[in-house]
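Single-structure report; data block below.
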Amino acid sequence: MSELKVQIKNLYKIFGKNPKKVLPQVKTGLGKPELLDQTGHVLGINNVSLDIPAKQIQVVMGLSGSGKSTLIRHINRLIEPTDGQILIDGEDVLTMSDRQLRDVRRKKTSMVFQKFGLLPHRKVMENVGYGLEVQGVKDDEIAQKAQHWIDRVGLTGYENHYPGQLSGGMQQRVGLARALATDAEILLMDEAFSALDPLIRYDMQSILLELQDELHKTIIFITHDLDEALRLGDKIAILRDGAMIQEGTAPQIVLTPADDYIADFTKDINRGKVIRLRAIAEAGTPYDGANIPAGTLLNDALQPLAQAPNQTLGVTEPDGRYLGTVSLTKVIGALAG
Amino acid sequence: MEFFEEFPSLGRKTLSGMKQAVDETFKGFSRAYGEQLENFFDPLLRFLIWFEKLLEATPWPIILLVVGGLAWLGSRSWKITIGSVLAFVAIGILDMWEDTMATLAIISVATMLCIAIGIPLGILMSRSDRAQGIITPILDVMQTIPSFVYLIPVVMLLGIGKVPGLLAVCIYAIPPIVRLTNLGIRLVDKDVLEAADAFGTSPWQKLWGVQVPLALPNIFAGINQTIMMALSMVVIASMIGVKGLGVPVLRAISNQYLALGLMNGLAIVALAIIFDRVSQTYGKRLQAYRNGGK
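Chains as they are written, first to last, in my numbering: chain A, 383 to 719; chain B, -17 to 276.
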């Protein structure tokens, strides 16, 4: 895979009076409820390691209280960890001075928040330009870049409105434009679309995917919504009680859930929209009939398969590599789980 | 059983000795440093005198214009503007113009002084729980101790005059601005502050670009309260030699002149209402963005 942009190594975060003191107990396997019972400390992150590749969307998923928002705040050190390491481009964020850290936050990372976090006393234009202003960029350059991103997220004409005058979806577009305006390579998105209603959320996901096709940022996206995770994530990590329980691509998570917890999560989703033929092709004898691309979603493969002879087709990668065959029965089996 | 009937106090001798010791020490201190302190406050005195002279020397139509202009700038309301001008006209007709100018001078200088000291103090308190822990009880004392009690040491140190009067007014009037600055900054939305942090805002940028602007409505409520409390000190300040509307009130008390007392008292009330309405509407306009207005 491509180079690693962000590496999280054996991260622990314990909230409470004396986290360092109870850390050894956690390291020897004390769980979250036991820790709370015995010491009154709350286990936020429990030995999480995650390699995040550049230019992809890494989704971190979990229910509320699973530590996902805590985790993302460690990457730009809005929260200090109790133990562990965070590397951005190979540099340890945790050993940085305040000044170095500010530089990372200004130039390398930017963030979108669930509650938007817009500055209510500044107009849309000034909000979008905020990151640049903090960096000390010249006014006309700020105005020009801010305008560019306002146009890109579809807010042209709202430059002089205050955030309070906009709907939630529009406010989050401002948040997105503000995050993109600094040209940071890493985009941290903390439940960025969770506060929006489903249609607007879908819209915002589309905007994000569209922008990503062009910008190729390293995006770390936090969500509690599996559909959102499967739609956006190149890679998905699932957290529970602060510990990582599975990490992989969308089909991996759906087809081979690590435990009942994840299986429970995934049982209601529409597999046909997530799994591609690549994941279920049976390697075997060469097939001399028609071929179908490996990237086809199961849903989209049903029709061609039903019409194919023997209801079987060959599966090929875009580069022409032959993967094997797939039959209608096989696809239906995969859809049923 | 004598023990229970009367509280076992220190003997009269010990007590008077203690009181004398305190008095003597303070007198010694005031003899040694009184002059230096007076010199220290000299620029303030000069500024106050200059401002008072300026107000008194300015022709009354210009003052009326300035009052109207400031009221309009602050409130953007015709009702308040016209009301303010009419109040000043009434004050002039009832021959209280000069006293009103003197009161206006001391109130303005006291308010400026309170803002100049109070806002930084409030900011300090908001940034450190320890500072808050130390300053809060001091503010409590300043607000509740009878003003006559701190008039004694102030007069011992600086004598009778404008500066001690000004200090007395400030001691009484400064707590609200300090408290509300502190409160306003502490109440700023944590999510907004986190967002500011995430974009690499330095503490200085955060203070002036985010915290103070968002605390302004509260800070303005503090300024408003400070002005009101300064006005209510006018009569007491006139006891130690401050000119203004308080002097005729004092004269009215000692001679039982009902009309004189009422007129000057009402002039103080008029000033208070003008200051209050103008500064409040200005504070409200500052938070227009909250209601989605312009």
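Don't be surprised by glycine CBs; every beta carbon is placed ideally from N, CA and C.
| task | Using a Cβ-Cβ cut-off of 8 Å, state whether T183 of chain B counts as contacting chain A. | result | Counting from one through the second sequence, the residue named residue 183 of chain B turns up at place 201. It does: the Cβ of T183 of chain B has a partner Cβ on chain A nearer than 8 Å.
| In angstroms, rounded to a whole number, what distance separates the CA positions of L140 of chain B and Q238 of chain B? | One-based indexing of the second sequence puts residue 140 of chain B at position 158. One-based indexing of the second sequence puts residue 238 of chain B at position 256. Answer to the nearest angstrom: the Cα atoms are 31 Å apart.
| So with Cβ pairs under 8 Å, would you call Y271 of chain B a contact of chain A? | Translated into the one-based positions of the second sequence, residue 271 of chain B becomes position 289. Yes, contact with chain A.
| query | Thinking just about the alpha-carbon of each residue, which of B:M138, B:G223, B:F11 and B:V145 is nearest to the one in F22 of chain B? | reply | Numbered from its first residue, the second sequence carries residue 22 of chain B at position 40. Ranking B:M138, B:G223, B:F11 and B:V145 by Cα distance to F22 of chain B puts B:V145 first.
| task | May I ask you to list, following chain order, the residues of the region 545 to 558 of chain A that have a beta carbon less than 7 Å from some beta carbon of chain E? | result | No chain E appears in the structure shown, which is made up of the protein chains A and B.
| said: Can you look up A718 of chain A in the DSSP assignment and give me helix, strand or coil? | reply: Locating residue 718 of chain A in the first sequence gives position 336, counting from the first residue. Helix at A718 of chain A.
| Does DSSP put P277 of chain B in a helix, a strand or coil? | One cannot answer for residue 277 of chain B here, as it falls past the ends of chain B, which runs -17 to 276.
| request: Compute the distance between the beta-carbons of T208 of chain B and I256 of chain B, then report whether it is under 8 Å. | output: One-based indexing of the second sequence puts residue 208 of chain B at position 226. One-based indexing of the second sequence puts residue 256 of chain B at position 274. The answer is no: Cβ separation not under 8 Å.
| When Cβ atoms are compared, which residues of the region 511 to 537 of chain A fall closer than 7 Å to chain B? | Y512, G513 and V516
| Reference D485 of chain A; option with closest CA among B:L248, B:G223, B:G182 and B:L148 | Within the first sequence, residue 485 of chain A is the residue found at index 103, counting from 1. D485 of chain A has its Cα closest to that of B:G182, out of B:L248, B:G223, B:G182 and B:L148.
| Looking at I568 of chain A and K409 of chain A, is the spacing between their C-beta atoms short of 8 Å? | Numbered from its first residue, the first sequence carries residue 409 of chain A at position 27. Numbered from its first residue, the first sequence carries residue 568 of chain A at position 186. Result no, Cβ atoms of K409 of chain A and I568 of chain A do not sit closer than 8 Å.
| Distance, L148 of chain B Cα to P41 of chain B Cα | On the second sequence, position 59 is the one that residue 41 of chain B refers to. On the second sequence, position 166 is the one that residue 148 of chain B refers to. Spanning the two alpha carbons is a distance of roughly 26 Å.
| said: Quick check on P158 of chain B: buried or exposed, where buried means 16 or more other Cβ atoms within 10 Å of its Cβ? | reply: Position 176 of the second sequence holds residue 158 of chain B. By the neighbour-count rule (16 or more Cβ atoms within 10 Å), P158 of chain B is buried.
| In DSSP terms, what Q628 of chain A is bridged to | For the purposes of this step, residue 628 of chain A is taken as the residue at position 246 of the first sequence. According to DSSP, which records beta bridges pairwise, Q628 of chain A is partnered with A:I620.
| Could you give the distance in angstroms between the alpha-carbon of Q693 of chain A and the alpha-carbon of G666 of chain A? | For the purposes of this step, residue 693 of chain A is taken as residue 311 along the first sequence, with counting starting at 1. For the purposes of this step, residue 666 of chain A is taken as residue 284 along the first sequence, with counting starting at 1. Between Q693 of chain A and G666 of chain A, the C-alpha separation is close to 16 Å.
| task | Below 9 Å between beta carbons is the criterion; list the residues of the region 167 to 182 of chain B that meet it against any residue of chain A, in chain order. | result | D171, D173, V174, L175, E176, A177, A178, D179, A180, F181 and G182
| task | Could you confirm whether any beta carbon from chain A is found closer than 8 Å to the beta carbon of P43 of chain B? | result | Taking the second sequence and counting its residues from 1, one reaches residue 43 of chain B at position 61. P43 of chain B does not count as touching chain A.
| said: For L405 of chain A, tell me which candidate among A:I390, A:N429, A:Q389 and A:D419 has the shortest Cα-Cα distance. | reply: Counting from 1 along the first sequence, the entry for residue 405 of chain A is found at position 23. Comparing Cα positions, the closest option is A:N429.
| query | According to a CB-to-CB cut-off of less than 7 Å, which residues of the region 184 to 216 of chain B neighbour chain A? | reply | S184, Q187, V192, P195 and L196
| Across which residues does DSSP place L140 of chain B in a beta bridge pair? | One-based indexing of the second sequence puts residue 140 of chain B at position 158. Per DSSP, none; premise fails for L140 of chain B.
| Is N428 of chain A helix, strand or coil by DSSP? | Taking the first sequence and counting its residues from 1, one reaches residue 428 of chain A at position 46. In this structure, N428 of chain A counts as strand in the three-state DSSP scheme.
| task | In the DSSP assignment, find the alpha helix (DSSP H) that holds L569 of chain A and state where it starts and stops. | result | Translated into positions along the first sequence, residue 569 of chain A becomes position 187. Run containing L569 of chain A: none in the alpha helix (DSSP H); it sits in the beta strand (DSSP E), I568 to D572.
| message | Using only the alpha-carbon positions, how far apart do V424 of chain A and N400 of chain A sit? | response | Translated into positions along the first sequence, residue 424 of chain A becomes position 42. Translated into positions along the first sequence, residue 400 of chain A becomes position 18. Rounded to the nearest angstrom, the two C-alpha atoms are 11 Å apart.
| query | Ordered along the chain, which non-local residues of its own chain (more than five positions away) have a Cβ less than 7 Å from that of L133 of chain B? | reply | One-based indexing of the second sequence puts residue 133 of chain B at position 151. A150 and I222.
| query | Any beta-carbon of chain B closer than 8 Å to the one on K497 of chain A? | reply | Working through the first sequence from its first residue, we reach residue 497 of chain A at position 115. For K497 of chain A, the answer is yes, since a Cβ of chain B falls inside 8 Å of its Cβ.
| query | The alpha helix (DSSP H) spanning N237 of chain B covers which residue range? | reply | Taking the second sequence and counting its residues from 1, the one referred to as residue 237 of chain B is at position 255. Counting along the chain, the alpha helix (DSSP H) containing N237 of chain B begins and ends at G228 to N237.
| said: One question on the structure: do V277 of chain B and I250 of chain B come within less than 8 Å of each other, judged by their Cβ atoms? | reply: What the structure shows of chain B is the stretch from -17 to 276, and residue 277 of chain B is not part of that stretch, so it cannot be assessed.
| query | Taking the runs of the beta strand (DSSP E) that are 3 residues or longer, which of them lie wholly in the region 485 to 545 of chain A? | reply | 491 to 494
| Own chain residues within Cβ distance below 6 Å of F202 of chain B, not counting five before or after | In the second sequence, counting from the first residue as 1, residue 202 of chain B sits at position 220. Cβ within range, chain order: G265.
| field | Residue nearest to L46 of chain B in terms of C-alpha spacing, selected from B:R28, B:A69 and B:G115 | value | Start at 1 with the first residue of the second sequence, and residue 46 of chain B comes out as number 64. Closest option to L46 of chain B, Cα to Cα, is B:A69.
| message | DSSP three-state label for T605 of chain A, please. | response | Looking up residue 605 of chain A in the first sequence gives position 223. Reduced to three states, the DSSP call for T605 of chain A is strand.
| task | Following the continuous alpha helix (DSSP H) through V217 of chain B, name the residue where it begins and the one where it ends. | result | Sequence index remark: in the second sequence, residue 217 of chain B carries index 235 (1-based). It spans V216 to M221 - the alpha helix (DSSP H) in which V217 of chain B sits, taken as one unbroken run.
| task | Using a Cβ-Cβ cut-off of 8 Å, state whether P502 of chain A counts as contacting chain B. | result | Numbered from 1 along the first sequence, position 120 holds the residue referred to as residue 502 of chain A. True, the Cβ-Cβ gap to chain B drops below 8 Å.
| field | N-terminal and C-terminal residue of the alpha helix (DSSP H) that Y643 of chain A is part of | value | Mapped onto the first sequence, residue 643 of chain A falls at position 261. Here the alpha helix (DSSP H) through Y643 of chain A covers D642 to T648.
| field | Per-residue burial, P128 of chain B [other beta carbons within 10 Å of its own, 16 or more giving buried] | value | Numbered from 1 along the second sequence, position 146 holds the residue referred to as residue 128 of chain B. P128 of chain B is exposed by the Cβ-count criterion.
| query | Taking the DSSP output, what are the residues bridged to K395 of chain A? | reply | For this step, residue 395 of chain A is matched to residue 13 along the first sequence. DSSP output for K395 of chain A lists A:I427 as bridge partner(s).
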